[in-house]
Each structure stands twice: as structure tokens, then as C-alpha cells.
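Numbers in the numbering used here are just positions in the sequence shown, counted from 1, shifted up by 472. Ideal Cβ placement from N, Cα and C applies to all residues, glycine included. Notes to accompany the following structure.
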Amino acid sequence: MARAPAKPKPLPTSEAALTLYREKRDFRKTPEPSGGAPSPTDNHFIVQKHAASRLHYDFRLEMDGVLWSWAVTRGPSLNPDDKRLAVRTEDHPLDYATFEGTIPKDEYGGGTVMLWDDGTWESLPGKDPRKTIVEGHLHFFLHGHRMKGEWLLIRLKPRGKEKSENWLLRKIADEHAGGSDDLVTRELTSVKTGRSMEEIADGKAVSAPKAATKQPKPTKNGQKSPPFRAVQLATLVDTVPSGDRWVHEMKYDGYRTLISVGGNAGKAYTRSGLDWTDRFQGIVDDAATLASSALFDGEAVVLDAEGKTSFQGLQAALKGDRSAIIYYAFDLLELDGEDLTKLPLLERKAKLAALIGNGTDRIRYSDHIVGKGEQLFSSFCKAGLEGVISKRADSPYSGTRSSNWLKTKCIKRQEFIIVGWTPSEKTRGFRSLLLGINDKDGLRYAGKAGTGFSSDEMDRLLKLMEPLEVKSPTVEAPRAAVRGAHWVRPKLVAEIAFTEFTGEGVMRHPSYIGLREDKNAEAVVLEKPVAAVKKSTVKITNPDRMIFPESGQTKGQLAAYYQAVAEIMLPWAGNRPISLVRCPQGRGKKCFFQKHDAGVFGESVKQIAITEKDGHQEPYIFVDSADGLLTCVQMGTIEFHGWGARIEDIEKADRLVFDLDPDEGLNFKDVISAAFHVRDLLAEMGLATFPMVTGGKGVHIIAPLTPQAEWPAVKDFAHRFASALAQSQPDRFTAALAKAKRTGRIFVDYLRNQRGSTAVMPYSARSRPNAPVAAPIIWEELRKLDGAARWHIEDAAELIERSRSKNLAGWGRANQTLPDL
């Protein structure tokens, strides 16, 4: 006769269930809670990252007044094919759900504990978890900051004298599924305090959150505030494009601003990534009432008495009553964790309009018209407005300057660098500002502005200029025009309106509008309008020339590769100073580096004047379009290497790069192992990273940064990290530059993290046999590679598809800053 199935054993009461928990701990020594009152909700879940004798993630589900608990050894995976070991541990009290801190080393579970995720959970409909846990399975849905969607826990049969109760945690395939390491490699800080494991262990104080003026919208599925991302920029043109493929918006006279909200928090970023939340707090608070998690693109403005945007009014508001500042949102980049940038513009704007509705006290929807751009431009100019922004209706958001966004101005107006002032003959603070602009030969004189100042603004400008005063002229200028000038270091940027340039490149009738605190002086170059509808005019001569003799690829094939990958390469390599590896006769034949341009590349390759150590300026190269990339290829370029900062602010790094360069005798598996070790060390400090195979023999470990730290701090951190790594494992790593000291070891090249140093850009081809390319990847992919030259120039289609499907562009940005070391 078959044996009847055993009835599920009744679970103990909450007090009885906590007996084992309390027996294991001495509450005179450990800061862990001893137990709290039962909760009536029965639907809370938490995950705690726990660096005990072995790093693991404690997964806990609230039920009947306790937290059912499992130790997940490798952390949760979003890949449905992964089955992560989860060892059942003793039930924990409910007040453990808020515990974060350090358990003393000699106590049970000694080590650092981080509150890594929390939210609510629900069992699969029709399933009683009190019964199914006894039967050996739990099927449930999670609504957390990080773990979302459908999950499954299954108990394994015990083997031999095995005492532990082993389960498997698995993600069920749904819209929240992803890669194996997506969660544990990206999410490195506490959802409660924002601290890293190292900061918790060091006892770093928790910053008090700012009080919001409005009630934020409840967070859907625990979404957090999206990180800063590079903004899309418009190309100046001479006429408004025609046709229904284009939509047209007002060109606002304010500060370009990204507003990020989520997780009951929010931030405001300038176009270069500066955190201006304190200046636009009211806008951020309003945005938090619209969406649980979103990233808006728009303009912070002040309206004058006629309803027109006024830059001078905005500056006055920033110095006084900020309640007058409002925000016109014209794009939506993320919503509830979904990246919208690949959607057509009109689809993004439809979502934005639905989200904003009739607007709030501070936020407005920026409307548009389809077609009829010429009439709109004419009416705007007659009304005294600045101009029109025209956008391709079907275009994605690329995060760089492109011909998909165009701007047409009613009057000539742009930024110039203040290089000095001329004294007043009366009681005024000064007579005029002396102005300059960067071009291919460095900083040059562009004229002087003597109107547009209020008395208060003059006083403010003098207070800012006087500490910058120098004895020698900042630029060469006509002596009569600058007689008696006080010269200053070129640090301040002013917005100037003017009618035209003279033949000598000096402005006619310039008028001061205001200071541009969101722009860096070295990024200020002259805007030259181009034809509104512009086809690629880059002609590749000698397309059959052999560039890679080992595999037979030609110059034409190399150009075709860069044309294809421009859309995924420019968000990484565009708008940052670059150095080129030029090989006009092919790979290995008199190749050379070039970082300066005297104008031989033409208008598609741009220049930015950068001050060298000795004080003189040099014209560095940057590109912002596919034509720029192809022009470089036409001039014999194979490789593109870039600074770790963008031209908007070259003094602040937007990434850390550690190049793992193995000695000749090492296997690529040694590099992979080393890369994961470096990843884990940086993760302990709160830095999320991604790997990039270089197309050579090594791997770059890259940590994207919000651009805040300046180069001395970045270089110091990188040096100390590499040195500490080499000292901890001297047989495995070296930070010494000399090749004689690298035998049998991996050189941790930290020197790319300093001003002027470069690293090969993602998707750049390499001047190596068979035309390999550098490619960013996700961590789980690295385990499966047998070399750093997996992809080649014939793999453009695969690289583009990978970038989209794996959201690789998302790895290039992160809401993280340089930690202490």
C-alpha cells in the first residue's frame, strides 16, 4: 500500500521561531535587533548584502511576524537560466528589515551588512506560501527597488549527512529578466543610505535627506533616480528645414537641464553633468509628483512681463527669488526604469505629454508643430524670440551633437570667454568687457561689449574678475581697442548678442546677456551655421588600398565600418578630445599619433583650444558626427583614443579606466580572473564597472563617473588603488611602468586617469592583424571569451544589435562619484 503523503508541519509562532535566532547572538555585543512586534501586512521583503566569512546576499520574506531567510551565495540573477544556491537560515525578527551596520568580527555572522533591496512581495495567486514552503517550493512576485517580477524558490533533496537546507533561487522569464550579473555588478550601494560596503564598515555618517515641498508620487516597483546621461545637442544651421519629417519647437533662453526623479529623491543636472539640484529644487520637487522614476530633458527659464524667456531674468532669480524659475520639458529619456531613447521623438513626446498633462506649478510641456518651420521661425523673430529648434520626428536620442537636431537663430548670439576689461572714465565699474573665442590657433580676440549691464551686474562681474587678473595680455588685440586693459585668466564665460562679424573676426554691436556658469571656457568655440539639409560629403579616396594586409581589409571597408557604427560609437567618443592613430600607408607602416589640428581636416573635425602645462594653448581634435569620423578615416586614421572627460568640462573626469595589460607568458584566463578581482574591489567601494575588450590582449575596467572630481584627485585615487592592488598580490599584479618588472604579472595601468592621457574608445578599430575592434561588454560575457579580439570590422551589424539588446550604452553612465580611498 502506498504511504499517504505527510501533512505539512505547522509553522511555529513568531516568538518560537526566533528562539534559534536569539540563541546564536549576544545582544550585548552585536548591534543587531533582538526582535520586534509582528506586522499585520505580511508582504515586506528585503535583501541584505552581507560580507561575513564569505560575501553573500540574505534574502528575506515577511510572513506571520518573522522574516523567512535564505543566504544566496552569489546573489540574485536576472537570467532565467541561472539557478542560484540559497541556503535556508534561521528566521529573523521583523525589525531586522531596517538593520544596516557592522556585526563584530568574533560574533555570529561577523561582518558588514548593507540593506541592498527592499519592497513588497506576493505569492502566486491560489498558492498559500505557508503550505508550499513546507512542500519545498515558493512561487512569488517581487516589487522592489532592484528585484522585480516573478521568482521561484525550490528546495533540493538533502544529500548524505547534509545538515543545511539548500534551495535554488531562479528568475522566471518576464519583462524584468536580464543578465546574470546585471544586479550584483551595477547595484553597489544601500537603498536605505546610499553608502557602499566600505563606507558602512568605516561608519560613515548618513546624510539627512532634504525635505520635499510636495508629496512625491509613490515609487512604482521601487524605481530609483536615473543617472545623468550626455545630452543631445543641436547643430546651428542657416535656414529652417522644410517638410513634415521635421517638428519645430521654441528655442528657450535659459539653462539646459536634466531632471532625474525616483526613489523619493531627485536631482537636477546641467548639460555637462554638474549637480544643480540646490538651484532648481522646486522643479525637482514638482517632477517627483509626476513620475515614480523618470529622466526629463528641458530648459529652466524665467518669463518676463511679455511671457518671453529671459536669461537675465533667470540669473536674477538664481541670485534671489527662485520661485520664478519654471521648467519646459521637451523630451523624456527614461520612465519607470525603461530606456526610451531608442524610440522615435514623437513617441517620446507623446509619453511626456501624457505624463505632464496640464502641468504643475513649475513644469510645462514644450509643444511643437509638424512642418511649417519657416513660418514659425518668421513669427518668432518678429516677436523678438531667440529662434527655433528643429528635430527629426522619427529620430532616437543619441546624446551627442547631430544633424537630427538643428537650431536656427533670429539674432547672432553665443558664448564668449571674458579675457579682460577696460576701465571706466566715470563712476561705472568698468567700460567694457574684452572677449575671446577658441579657434584652431588658440584663444583669439573677438571684440568688446559695453552695453547690457546693470550696476549690480557690473559689481558682481568685477568681484569675479579681479581675483583672476594677470599682468600680461591674455590675447593679441588691436592696441587702440584695449588701451589700459586689465587682463584676466580665461575662466569666465559670457553670453553675448551681436549683429555680425567684421572681416577681422570681431563682433559688431555686441551686447552682454549674462554669465554662463554651466559652460567651461575651454569648450567655447565659434558656432558656424551649415546647410540645414546636409548629406555626407566625405569622399573616401583610394578605397581599395590595403590597410590590413594579413586579412585583406581595405580603406573602403574600414570607412564602411565607421559609417555603420557611428550611432553607437559617438555617444562614447563624440565631444571629447581625441588622439588619432594614423596609418596612411596601412597598418604597421609609419603609423603615428595625432592630437592637434592646424585646420587640415576641414570643418567636420572640430577643434578645442586646451591650455598646456606651460600656459600656451593647443588646438585639440574632437568629433561630433559620422562625417567627422569618416574624415579622419579619409586622412588615414585607424584608431580613436579619447580623454576621460568631455569638452563641456575637460577638467572633470567622467570615467575611471584601469587597463589590465598581461605579460607575454600569461593566458587570457589570467586576465579574466584579474578583471573580476578588480571589479569586486571597486564594487566594495561603491563603484559599478563594466569591462571592455580592447582588440589587443588586455581588458579595460571602466567605472563611469558623474563629472565632479578634477584630475589631481582622479589620478591620486587611481594611483593609490593600483599600488594597493600590487602590494596585496605582488606575484599577480604590478603598478610599475618598467617592463622589466612585469615578468609573469599583469600591469595595472592607472596612468590613463590623468589630464591629457587617452584610452582607446569603444568600437574603435585597432591597427592590429585582422582589424579587431574594442568593444564594451557585460561581465557575464567576459567569462566566455578566449581573447580580447573577439570582434572585427566586419562585425558592425552584430555590434549594433548587441549595443541595443544589452543596453550597453547604459553602462556608459552612472550616478556615482569618486569614493575615498
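Query	Result
Three Cβ pairs or more, each shorter than 8 Å: is that satisfied between the stretch 731-738 and the stretch 778-793?	no
Only counting runs of 3 or more residues, tell me where the beta strand (DSSP E) segments fall wholly within the stretch 515-548, in order along the chain.	516-523, 527-535 and 538-544
Between which two residues does the alpha helix (DSSP H) carrying W1251 extend?	W1251 to L1254
Cα separation between V448 and G1170?	Given that the chain is displayed from residue 473 to residue 1293, the structure contains no residue 448 and the question cannot be resolved.
Between A759 and G726, which are expected to be in contact by the criterion C-beta below 8 Å, what is the C-beta distance as a whole number of angstroms?	Not quite, the Cβ-Cβ distance comes to about 16 Å (not below 8 Å), so this is no contact.
Buried or exposed for E1270, please, with buried defined as at least 16 other CB atoms from any protein chain shown within 10 angstroms of its CB.	exposed
On the CB-based measure, 16 or more other CB atoms within 10 Å of its CB, does H981 come out buried or exposed?	exposed
With a 10 Å radius around its C-beta and 16 neighbouring C-beta atoms as the bar for buried, classify V965 as buried or exposed.	buried
Between which residues of its own chain and E1273 is the CB-CB distance below 7 Å, once the five residues before and five after are set aside?	none
Taking V712 and S862 to be in contact with their CB atoms under 8 Å, please state how far apart those CB atoms are, rounded to whole angstroms.	6 Å
Compute the minimum distance between the beta carbon of I1272 and the heavy atoms of the ligand ATP, and state whether it is under 7 Å.	The model on display carries no ligand, and the ligand ATP is accordingly not part of it.
How do the stretch 1213-1220 and the stretch 1023-1043 stand: do at least 3 beta-carbon pairs fall below 8 Å, yes or no?	no
Which residue or residues does DSSP assign as beta-bridge partners of F1130?	I1173
How would you write the range of the alpha helix (DSSP H) that E1182 sits in, first residue to last?	E1182 -> no alpha helix (DSSP H), and no H or E assigned at all.
Nearest to L533 by alpha carbon, out of S983, I841, A825 and H564?	H564
Quickly, what does DSSP pair A769 with across the bridge? List them, please.	Note that residue 769 is Asp in the sequence shown here, rather than Ala. Per DSSP, L730 and D803.
Is W1044 helix, strand or coil by DSSP?	helix
Please specify which runs of the alpha helix (DSSP H), each continuous and at least 4 residues long, are wholly inside the stretch 1033-1095, giving them in chain order.	none
Given this structure, state the Cα-to-Cα distance separating G650 from L550, to the nearest angstrom.	5 Å
For G871, is the classification buried or exposed, using 16 other Cβ atoms within 10 angstroms of its Cβ as the cut-off for buried?	buried
Given D578, which residues of its chain have a CB within under 7 Å of its CB, disregarding the five upstream and five downstream residues?	none
Just to confirm before moving on: does the CB-CB distance between A1247 and I1265 stay below 8 Å?	no
Determine the burial state of K682: buried for a count of at least 16 other Cβ atoms within 10 Å of its Cβ, exposed for fewer.	Bear in mind that a pLDDT of 41 at K682, under 50, signals an unreliable position, so the number given afterwards is only what the model happens to contain. Per the 10 Å Cβ criterion, exposed.
What are the boundary residues of the beta strand (DSSP E) that includes E671?	Taken as a continuous stretch (DSSP letters only), E671 belongs to no beta strand (DSSP E), being part of the alpha helix (DSSP H) at M669 to A673.
Assess contact between the stretch 1037-1056 and the stretch 1104-1115, defined as three or more Cβ pairs (one per stretch) separated by less than 8 Å. Is contact present?	yes
Taking the alpha-carbon of R834 as reference, which of W1263, Q1079 and R794 has the nearest alpha-carbon?	R794
Could you work out which residue in K821, T545, E941 and T946 is closest to N910 when comparing CA atoms only?	T946
Using a Cβ-Cβ cutoff of less than 7 Å, which residues in the same chain neighbour G1259 once the five nearest sequence positions on both sides are dropped?	F1140
Count the C-beta pairs between the stretch 1149-1160 and the stretch 1088-1108 that are closer than 8 Å, then say yes if the count reaches three, no if not.	no
Do N1287 and T1178 have their C-beta atoms within less than 8 Å of each other?	yes
Just to check my reading of the structure: P1163 and W1251 have Cβ atoms closer than 8 Å, yes? What is that Cβ distance to the nearest angstrom?	6 Å
Tell me the DSSP bridge mates of E721?	I861
Under a Cβ-count criterion, where at least 16 other Cβ atoms within 10 Å of its own Cβ denotes burial, should E972 be classed as buried or exposed?	exposed
Return the first residue and the last residue of the beta strand (DSSP E) that L448 is part of.	With the chain covering only 473 through 1293, there is no way to say anything about residue 448.
According to DSSP, is E819 helix, strand or coil?	helix
Here's a check: name, in chain order, each residue in its chain whose Cβ is nearer than 6 Å to the Cβ of H958, leaving out the five neighbours to either side.	G892, W893 and E941
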